[in-house]
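Participant: One line per chain: the protein sequences are A and B, in this order.
Numbered by the working numbering, the letters in the first sequence go through residues 1 to 203 in order.
Numbered by the working numbering, the letters in the second sequence go through residues 1001 to 1265 in order.
Every residue, glycine too, gets a C-beta built ideally from N, C-alpha and C.
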Amino acid sequence: MIAVIDYRAGNAPSVGYALERLGLEHRLAATAADLDGCERIVLPGVGAARATLDSLHHSGLIEPIARRVHDDGVPFLGICIGLQVLLDHSEEGDVDGLGWVPGTVRRFPDSLRVPQIGWNAVRVTRPHPVTDGLGDDAYCYFVNSYFADPADPEAALGVTDYGGEFCSIVARDNIVATQFHAEKSGPVGLALLERFAKWDGTC
Amino acid sequence: MLTKRLIACFDVVNGRVTKAQQFQDNIDVAPAEDLAQQLYEDQIDEIVFYDIKASAEKRKIDLDTVRRVAHHVFVPFTVGGGIRSIDDMYEVLKAGAEKISVDSMAVREPDIIRQGAEAFGRQCIVLSTQVKFVGIKPGLPSGYEVFIDGARLATGLDAVDWVRRGEDLGAGEIVVNSIDRDGTASGYDLDITRAVADAVNVPVIASGGAGTVEHIADGLTAGAAQAAIISSILYSPRFERNLGVRELKDALLARDVPMRPYVAV
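#1: Run through DSSP, which three-state label would Pro75/A get?
#2: In chain order, what residues of the same chain have a beta carbon less than 8 Å from the beta carbon of Asp1088/B, not counting five sequence neighbours either side?
#3: For the segment 1109-1132 of chain B, enumerate the residues whose C-beta is nearer than 9 Å to any C-beta of chain A, in chain order.
#4: Under 8 Å, Cβ to Cβ, is there at least one residue of chain A near Leu1002/B?
#5: Answer yes or no: do Val1073/B and Ala1036/B have a C-beta to C-beta separation smaller than 8 Å?
#6: To the nearest angstrom, report how far apart Val216/A and Arg195/A are at their CA atoms.
#7: Figure out for me which residue from Met1259/B, Gly1015/B, Val1017/B, Ala1020/B has the closest Cα to the Cα of Ser141/A.
#8: Here's the rule I'm using: 16 or more other beta-carbon atoms within 10 Å means buried, otherwise exposed. How should Asn1242/B be labelled?
#9: Against chain B, with Cβ distances strictly below 8 Å, would Tyr146/A count as a contact?
#10: Where do the ends of the beta strand (DSSP E) carrying Gly1219/B lie?
#11: Quick one: measure Cβ to Cβ for Val1102/B and Val1163/B, integer angstroms, because I've assumed they're closer than 8 Å.
#12: Of all the residues that make up the segment 179-199 of chain A, which are near chain B by a beta-carbon distance shorter than 8 Å?
#13: If we count the other Cβ atoms within 10 Å of its Cβ and call it buried at 16 or more, is Arg68/A buried or exposed?
#14: In chain order, what residues of the segment 1188-1206 of chain B put their CB closer than 8 Å to some CB of chain E?
#15: Since Glu1098/B meets chain A, which of its residues come closer than 8 Å, beta carbon to beta carbon?
#16: Could you tell me which uninterrupted beta strand (DSSP E) segments, each at least 3 residues in length, are contained entirely in the segment 136-176 of chain A, listed from first to last along the chain?
#17: Quick one: is His1215/B near chain A, going by C-beta distance under 8 Å?
#18: Please identify, using Cβ separations under 9 Å, the residues of the segment 106-128 of chain A that lie next to chain B, in order along the chain.
#19: Decide yes or no for the touch test of the segment 1244-1256 of chain B against the segment 1208-1217 of chain B: beta carbon pairs closer than 8 Å, at least 3 of them.
#20: Can you give me the Cβ contacts of Tyr1040/B inside the same chain, cut-off strictly under 8 Å, excluding the 5 residues immediately before and after it?
#21: Could one say the Cβ of Tyr17/A lies closer than 8 Å to chain B's Cβ atoms, at least one of them?
#22: Asp1011/B lies in the alpha helix (DSSP H); which residues open and close that run?
#23: Three-state secondary structure (DSSP) at Trp199/A?
#24: From which residue to which residue does the alpha helix (DSSP H) around Asp13/A run?
#25: Note down, in chain order, all residues in the segment 1053-1081 of chain B with a beta-carbon under 9 Å from any beta-carbon belonging to chain A.
#26: Unbroken alpha helix (DSSP H) runs of length 4 or more, entirely within the segment 1148-1230 of chain B: which are they?
#27: Measuring only the C-alpha atoms, how far is Val1066/B from Lys1053/B?
#28: Going along the segment 1219-1237 of chain B in order, which residues come within less than 9 Å of chain A, judged by CB to CB distance?
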């Protein structure tokens, strides 16, 4: 059972539809009780960092998610803003994140067209069960004005070029997070979700 | 590198895709969910769905059809028509859309752009504009005027001024839809597309008039757009021969337009 965190600023239904297509058991989780018995957690996201964090705090879900992820070792997948909230701090709204991945979320320079919107190539930097088979230069769908800059370069499992290289997949212990929308990246993204659903959280 | 996007546009009436010419004479094409599924399988980059009667009929958007389309489409999906409030936007997003397109409503109440961007992020709000060349005159420096309500009502707004304001308010993408070219297959209006692309820093989408591969390539190069909205070329019964997504992409790649390559499945 995969819990898809459902909060006001999120796009849980889109992720739900993708899991449904893959025949993967899931439920939209809006309360702590919804996390009971789930073996995996997906934190989807669209939108602004502050609205997302406010919405998550308001839902009272942060503590229960953290317990499942950190204490029980449940595999966790963050998507888009669900990646960005994992870091210590975001320049977007000058807001503190969850701090699960040391580092900062920075804005693309104004010399670029921002937001970055569209399909861009992801280069995986090392073997990992969730990205195995993604292939070289897998095109995925991005919508972002900000990007993660993890303190530990090893935390970058995937990189993408937009006016310079940025981290497009973060991975650490039982946590993986994609800056691109896996649920909206066609067959490539669906394959990644399918691998996440089989992952036991070890690398 | 970031590739250019091909966006299939659906004008939806009663759950079915229709095709108009210059905002008139809509003819029936297919159920929206069937066409969406087919285009997804053909690896279209994105789909935009306009409930074209919602505004005029003063009703809410057709959420059932949005939901049914979202079930089949694992690429980005934008929805517009009949959006009047943040709550309307929220419902559309919950139905499975990624982005909200605002048009006439944003002209009447520009603050909806700011509110939407604040609640859901800038990337979620697409400002769609219907523009027409009426000639340069005082208050209309670009010569292009913004129209609303299915291209029926002139607003007096200059197209370039309006998109700049929309960007300032928080729009994450701008669609430039040429009223004169809509459904004519005579090519995008490259002048206004480029003028808008030069005026704003957010992505710009060319719309209205794509009838050939050359038109699309021109919109994405000379027109300086990041994405091209297409519809007739894909599925209009008025066309002698429609082209598939893969055929279009291969032809664009051959013209050095960067495109997401076809993935074997």
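Facilitator: So, to answer that:
#1: coil
#2: Lys1060, Ile1061, Gly1082
#3: Ala1117, Glu1118, Ala1119, Phe1120, Gly1121, Arg1122, Gln1123, Cys1124
#4: yes
#5: yes
#6: Since the first residue of chain A shown is 1 and the last is 203, residue 216/A is not available in this structure.
#7: Note that residue 141/A is Tyr in the sequence shown, not Ser. Answer by Cα proximity: Met1259/B.
#8: exposed
#9: no
#10: First-last for Gly1219/B: 1213-1220, but that is the alpha helix (DSSP H), not the beta strand (DSSP E).
#11: Their Cβ separation, rounded to whole angstroms, is 13 Å, which puts Val1102/B and Val1163/B out of contact at 8 Å.
#12: His181, Glu183, Lys184, Ser185, Gly186, Pro187, Val188, Gly189, Leu190
#13: buried
#14: Given the protein chain composition of this structure (A and B), no chain E is represented.
#15: What Glu1098/B touches in chain A: Asn11, Ser14, Val46, Val143, His181, Lys184.
#16: 138-144, 146-150, 156-161, 165-172
#17: no
#18: Under the 9 Å Cβ criterion, the segment 106-128 of chain A contributes Asp110, Leu112, Arg113, Val114, Pro115, Gln116, Ile117, Gly118, Trp119, Asn120, Ala121.
#19: yes
#20: Ile1047, His1072, Val1073, Phe1074, Val1075
#21: yes
#22: Here Asp1011/B belongs to no alpha helix (DSSP H); instead the beta strand (DSSP E) covers 1005-1013.
#23: coil
#24: Note that residue 13/A corresponds to Pro in the displayed sequence, not to Asp. 12-21 is the extent of the alpha helix (DSSP H) around Pro13/A.
#25: Those would be Arg1067, Ala1070, His1071, His1072, Val1073, Phe1074, Val1075, Pro1076, Phe1077, in chain order.
#26: 1159-1169, 1190-1199, 1213-1220
#27: 14 Å
#28: Gln1226, Ala1227
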